[in-house]
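Inspection log for the structure reproduced underneath, given as structure tokens.
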Amino acid sequence: MANTKTDEKLQKIAKDLLESGEVSLIIGYTKGSNSQRMRPLFVTRTEDADKLSFSPNAVQDLAVFLKKAEVKKFGKIGIVVKGCDEKAVNALIQEYQISRDNIKIIGVECNGVIRQNIADKGETNVSESTVYDKCLICEEHIPVLYDFLVESEEPKLVLSGKVKPYSEIARLESMSSEEKNAFWANEFDKCIKCYACRQACPLCYCSRCIVEKNTPQWIDTNSEETGNAQWNLIRAYHLSGRCIGCGECERACPVNIPLMLINEKMAIDVYNMFGYKSGLDINAKPVFGVFSENDFNDFIK
Amino acid sequence: MEEKYFEISGENLKSFIERIIADDFEVIAPIDKDGDTFYGKINRFEEANLDILLPKMSYKEYLLPKTETLFEYSFSGVNTDIKDGLESVAGANQKRVIFGGRPCDAGAGPIMEKVFNWDFKDEFFNERFKNLTIVSIACEKPDNYCFCTEMQLSPESSYGSDVLLKKAGDKYFAIVTGEKGLNLIKPYINLFKEITKDKVPAENDWKKLFEIEKTKSFLDKNFEHNYFQQRFLSCIGCGVCTYTCPTCHCFDIQDEGNLKEGRRIRNWDSCQFGIFTLHTSGHNPRVTQGDRYRQRLMHKFKIYSEKFDKYLCVGCGRCSRNCPEDIDIKEVAKDLADMA
Amino acid sequence: MEDKDLKKENHVDVKVAEAGSYDPRIIAFVCNWCTYSGADLAGTSRMKYSDNVRVIKLPCTGRIDPLFIVEAFKKGAKGVLVSGCHPGDCHYTSGNYHSRRKYATFRDLLGYFGVDLDRVEFSWVSASEGNKWVSVINEFTDKIKSMPGKSTDIFTKK
Amino acid sequence: MENIYLPKLAEIKEIIQETADTKTIRLTIDGGGIDFLPGQFGEFSFMGEGESTFGLSSSPLRKEFFEFSFRYSGRATSGINSLNQGDKIAFRGPYGNYFDTSKMKGKNLVFVGGGIGMAPVKSIMEYCLDQRDDYGKITILYGARSVNDLLYKNIFDEWKKYKDTELIVTVDPGGETSDWTGKVGFVPTILEQLPLKGENSIAIVCGPPIMIKFALKSLEEKMGFDKADIITTLENRMKCGLGKCGRCNVGSVYVCKDGPVFTAKELESLPNDF
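Each protein sequence line maps, in turn, to chains A, B, C and D.
Just so you know, we're using the working numbering here: the first sequence kicks off at 31 and counts up by one.
Just so you know, we're using the working numbering here: the second sequence kicks off at 27 and counts up by one.
Just so you know, we're using the working numbering here: the third sequence kicks off at 76 and counts up by one.
Just so you know, we're using the working numbering here: the fourth sequence kicks off at -9 and counts up by one.
The following block contains the structure:
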């Protein structure tokens, strides 16, 4: 497929950065295993920069690679990010996982990415019924922080309001505890404990995850109802107030557990309680790193 | 037993499935669920989605459950009582049928059987395998991720199936490969019409994209090759490839319980996890994700075949379709074959 | 206490003392400086409170990881209480402020997963509030006792 | 139909506190030892805390019991560590291959052990000592990080009593105490100072990977040992011990079934995955 203008701009930026030695690695997208898929590309030589590309199929959050030791070794890194992914970069900077000085952010304006499972079936149209829910609530079509910006050629996403993103959350909230419990028990029953949700998450960077700690064994190892519920609860808790909503966990999940219903609910509630949204400001302190004397206190006797 | 050949109309196939369900068989088939297709229990024939190429997950869990109790223990005073987990597996689910799977999935059973029986006999696996009857449907249109032909099977292979159905218009040809398949259809034999082998259309001439022997010969010589570290920089170690794979069988053994009672279980595990080979001393033979993905390739295309004469891969392509970072194992295997 | 004994203690049974009476186990995680002293005061003042509660003392509410709550439920507790110093009184200046944020979020998440929030209680009890400790415990125990069999926690095998 | 994952219960006869974090446990099943060969291992567990793999460290010829040594470090070992004399321990095994003693008959033997790696060496060494007349000169080199990390201190004298048997004990530089009379230096360094020749000799080496690497080098290059005459045991992470769980494979070798005992020659043909 021919290069689009977006692709050419990306390639130019990458070449310049590599040639000037400002970075030693560019993480970007390239065409994937079928015409409707994109995949990560690691560019270290200028001649490979021609393979860089972007499209509404660029679903991956490339910030996930910033936590990998093999990638960190490269030192100064340039990374191609959509608005949502860029928030993950911010959160990583906020939590001192990477340094702003070591990262060149190549932001691309994004007007929504097509859900991968329907793209695989041939869907090419970007519309409110084909993109991820995260795109419908997106307020960062242009990344909040970038060193370079590549504007989009795609038309803006038109929202009629007919498709309600994350509408299940409201339905769940209105349920009784028994009903909620039954809903999640059914969902978690599917879990096979592959931990793809953790691995795909750019913010799950612990060198040793809580499930891998066994003295004591906090999370039961079984992938039956008990172990699965414990794992999913703790995963969600550890991301509360940190999740930037890229939805990679849900996309990676091989058994389709609606993990974003949990992450998004927690993001909403953390905002309501503490007025904090993750990944918007690299100078802000993480929500659980600070406190206010006037914090929500109603639940405490 | 020699293979037997039958013809069955689409309508009769439907009544066959509905009659075995009525006769208390647990029928597992591809069903539409959560926006994708998964294997699950059906109560009516219509619930099965027979048009889909492959469900997202394999039916491995019916052979090797994601969590299996090996035994239960309880302490009473100085005594320890042990309840053998095999007791609950033995004889259970004798009437379980996998219906509508594909030849690749069916091929996984006999391949895995080898590792579970090469010296010590794993009766947990054997019992489940023995009690599972597999009725597969041959593929008409493999997709770009499929490479069963390269993996010594084919979209029409009957290896591992007890009954293989081949669609021809609105009827099916049925190849019954052994006693197990025959026993399943015997009570309903009036729905089938026995035919001779020559009536069954010959297999298509499926083209191979690469020779797997070449992939192996590359792996034989190039353990330290730079390809692995570079190519798998994009691997995030999520393990989805191993968990959705019909032949990946690595497991972990863990205890759950307290000083009164508990159990020892085995859970699915994955070579893609950093702690898979981490020693107590802190030494880890496979440090990078490149090392770990290489191990998966080695195990599939080299180690297993050297040990058990079969490649540990049926070419279903699930690992490629489900990989969040779009690592295509067919492409990788071809790359390696080209470099050999 | 030896490690081994601790494990024995950890195994919490739901005792059914007599037919009809329900004797649930409740775990209270308390901070060393305020609530534990408050409980101590209640004890030395010979105030009586429910014996369903097992108190586990930690340095500060900031040290009480939500994992502990899960662990208690996992091991069969029917109710979990977390208690520490009043805002502003923390021995370590701000441990309770930090934990308040964490618990607010965690409690929210538990509720979303369908855990009956009546089973998780938080309180501030100072070293001088022996009376408050007694009333918190007694009310909480009564509440837990009033919902026998109604277990919606998702951490134990059904 | 047999459940291959089902352990037997063994009774703890004696616990020897070797170092601050290492113990040797002496076990019996039905009042006696078990049949095994030197170099084999077993799966030990305290139920509820998980299984751990340890080499059997006693001589198979001492039939009245069997032993293993372990270091307290994780969940499974903390469970085993909490047990007392008379308690029961769950045991599966013996598994794996063993030292080919027929090849060793009549030859000079060099045993090299480092740290807890001395445990499997002890098994084959005591096996040879028990049949002392079948072998030539025996040299035992044992090293640990510090004096306090030395295992089997209480039986050093016993080993030395055998005829034509030399025991050299060393600790890493900095690990010695003021009253230490043994050597000071890393195992490979001390090994090179010994007057050993590769002819008619067999070396048995076990220890941390880095020690093995350098010890093999010294034996081959400085002393002229043939690769086939250097035997070591691999300590890969294992779970099942039965060649099923897929954790321990190195190349097409399952360490739990085809190993853990390999000659340096065999190791050379394996990929660097251990």
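Ideal Cβ positions, reconstructed from N, Cα and C, are used throughout, including at glycine.
List, in chain order, every chain D residue whose beta-carbon is nearer than 8 Å to that of Gln260 of chain A. By Cβ distance, chain D contributes nothing, its closest Cβ being about 17 Å from Gln260 of chain A, past 8 Å.
Checking the sheet assignment: what are the DSSP bridge partners for Val138 of chain A? In the DSSP output, where bridge partners are listed per residue, Val138 of chain A has A:Val180.
Would Arg347 of chain B be called buried (16 or more neighbouring beta carbons within 10 Å of its own) or exposed? By the neighbour-count rule (16 or more Cβ atoms within 10 Å), Arg347 of chain B is buried.
Does the CB of Pro129 of chain B have a neighbour CB from chain A at under 8 Å? Contact with chain A is absent for Pro129 of chain B, since none of that chain's Cβ atoms lies less than 8 Å from the residue's Cβ.
Neighbour list for Gly64 of chain D in chain A, Cβ cutoff strictly below 8 Å: Scanning chain A for C-beta atoms nearer than 8 Å to the C-beta of Gly64 of chain D yields Asn244, Thr245, reported in chain order.
Between A:Val285, A:Asp325, A:Tyr176, which lies nearest to Asn302 of chain A when the distance is taken from Cα to Cα? Taking only the C-alpha atoms, the option nearest Asn302 of chain A is A:Asp325.
Do you know whose CA, among C:Asp183, C:Tyr97, C:Cys160, lies nearest Asp126 of chain C's CA? Between Asp126 of chain C and the set C:Asp183, C:Tyr97, C:Cys160, the nearest pair of CA atoms involves C:Tyr97.
Since Arg182 of chain C is in the alpha helix (DSSP H), which residue starts that stretch and which ends it? Where Arg182 of chain C is concerned, the enclosing alpha helix (DSSP H) stretches over 170 to 187.
Residue span of the beta strand (DSSP E) that contains Met68 of chain A, given as start and end: Taken as a continuous stretch (DSSP letters only), the beta strand (DSSP E) holding Met68 of chain A covers 68 to 73.
Own chain partners of Ile148 of chain A with C-beta closer than 7 Å, once the 5 adjacent residues on each side are dropped: Only Thr160 meet the Cβ criterion.
Can you pull out the residues from the segment 302 to 316 of chain B whose beta carbon lies closer than 8 Å to at least one beta carbon of chain E? No chain E appears in the structure shown, which is made up of the protein chains A, B, C and D.
Are the beta-carbon atoms belonging to Arg227 of chain D and Thr268 of chain B less than 8 Å from one another? Against a cut-off of 8 Å, the Cβ pair of Thr268 of chain B and Arg227 of chain D comes out as no contact.
Quick check on Lys247 of chain D - is its C-beta less than 8 Å from some C-beta in chain B? At a cut-off of 8 Å between C-beta atoms, Lys247 of chain D counts as an interface residue with respect to chain B.
Taking C-alpha atoms, which residue in B:Gly308, B:Ile353, B:Arg290, B:Lys234 lies nearest to Cys261 of chain B? For Cys261 of chain B, the closest of B:Gly308, B:Ile353, B:Arg290, B:Lys234 by C-alpha to C-alpha distance is B:Ile353.
DSSP has Tyr85 of chain D in a bridge; who is on the other side? In the DSSP assignment, Tyr85 of chain D forms a beta bridge with D:Phe31.
Let me make sure I understand the geometry here. Which of A:Phe321, A:Cys279, A:Glu323, A:Ala266 has the alpha-carbon closest to that of Lys295 of chain A? Comparing Cα-Cα distances from Lys295 of chain A to each of A:Phe321, A:Cys279, A:Glu323, A:Ala266, the minimum goes to A:Ala266.
Can you grab the Cα-Cα spacing for the pair Arg45 of chain B / Asp224 of chain B, in whole Å? Each residue's Cα considered, the two are about 29 Å apart.
Is there a Cβ of chain A sitting closer than 8 Å to that of Met76 of chain C, yes or no? Its pLDDT being 36, under 50, Met76 of chain C is placed unreliably by the model, and the measurement read from it follows with that caveat. Output row for Met76 of chain C: interface = no.
Measuring only the C-alpha atoms, how far is Phe64 of chain B from Met222 of chain C? Note on geometry: alpha-carbon atoms of Phe64 of chain B and Met222 of chain C lie some 39 Å from one another.
Sort B:Val202, B:Phe173, B:Lys156, B:Phe125 by Cα distance to Asn75 of chain B and report the nearest one. The residue among B:Val202, B:Phe173, B:Lys156, B:Phe125 with its C-alpha nearest the C-alpha of Asn75 of chain B is B:Phe125.
Determine, for Lys207 of chain D, whether the minimum Cβ-Cβ distance to residues of chain B falls below 8 Å. Interface flag for Lys207 of chain D against chain B is unset, since no Cβ pair is found closer than 8 Å.
Kindly list the residues whose CB is nearer than 7 Å to the CB of Glu49 of chain A, restricted to its own chain and excluding five residues on each side of it in sequence; keep chain order. Excluding its 5 nearest sequence neighbours in each direction, Glu49 of chain A has C-beta neighbours in its own chain below 7 Å: Thr76, listed in chain order.
Helix, strand or coil for Gly133 of chain D, going by three-state DSSP, please let me know. Gly133 of chain D: strand per DSSP, three-state reduction.
Do we get a CB-CB distance below 8 Å when we pair Lys3 of chain B with the residues of chain A? The question about residue 3 of chain B has no answer, for chain B in this structure spans 27 to 366.
Would you please state the rounded distance, in angstroms, between the beta carbons of Gly86 of chain D and Cys196 of chain D? I believe it to be under 8 Å. Not really, about 13 Å apart at Cβ, beyond 8 Å.
Unbroken stretches of the beta strand (DSSP E), 3 residues or longer, contained in the segment 177 to 226 of chain A: Runs of the beta strand (DSSP E) spanning 3 or more residues and lying entirely within the segment 177 to 226 of chain A occur at 178 to 180, in chain order.
Just tell me which of D:Glu182, D:Pro163, D:Ile(-6) has its CA closest to the CA of Phe151 of chain B. The shortest C-alpha separation from Phe151 of chain B is found at D:Ile(-6).
Tell me the DSSP secondary structure of Gly154 of chain C in three-state form. In the structure shown, Gly154 of chain C sits in a strand (DSSP, three-state: E or B).
Taking only the alpha-carbon atoms, compute the straight-line gap between Pro181 of chain B and Pro81 of chain B and give it to the nearest angstrom. Rounded to whole angstroms, Pro181 of chain B to Pro81 of chain B spans 15 Å at the Cα level.
DSSP puts Ala193 of chain D in a beta bridge; with which residues? Beta bridge pairing from DSSP links Ala193 of chain D with D:Val100, D:Ile220.
At least 3 beta-carbon pairs within less than 8 Å: the segment 247 to 265 of chain A vs the segment 283 to 297 of chain B: Yes: at least three Cβ pairs fall under 8 Å.
For the segment 211 to 224 of chain B against the segment 239 to 250 of chain B, are there 3 or more C-beta pairs whose distance is under 8 Å? With the cut-off at 8 Å, the segment 211 to 224 of chain B and the segment 239 to 250 of chain B do not touch.
Interface residues of chain A facing Ser47 of chain D [CB-CB closer than 7 Å]: Think of a sphere of 7 Å around the beta carbon of Ser47 of chain D: no beta carbon from chain A falls inside it, the nearest being about 24 Å out.
By Cβ distance, which residues of its chain are closer than 7 Å to Lys112 of chain D, with the 5 residues on each side in sequence left out? Here Lys112 of chain D has Ser47, Tyr142 as same chain residues with Cβ atoms under 7 Å from its own Cβ, once five neighbours each way along the sequence are excluded.
Quick check: the segment 81 to 88 of chain A against the segment 58 to 73 of chain A, are at least 3 beta-carbon pairs closer than 8 Å? Yes: the two stretches touch, three or more of their Cβ pairs being nearer than 8 Å.
Compute the Euclidean distance between the alpha carbons of Ser157 of chain A and Gln66 of chain A, then round it to the nearest angstrom. Cα to Cα, Ser157 of chain A sits roughly 15 Å from Gln66 of chain A.
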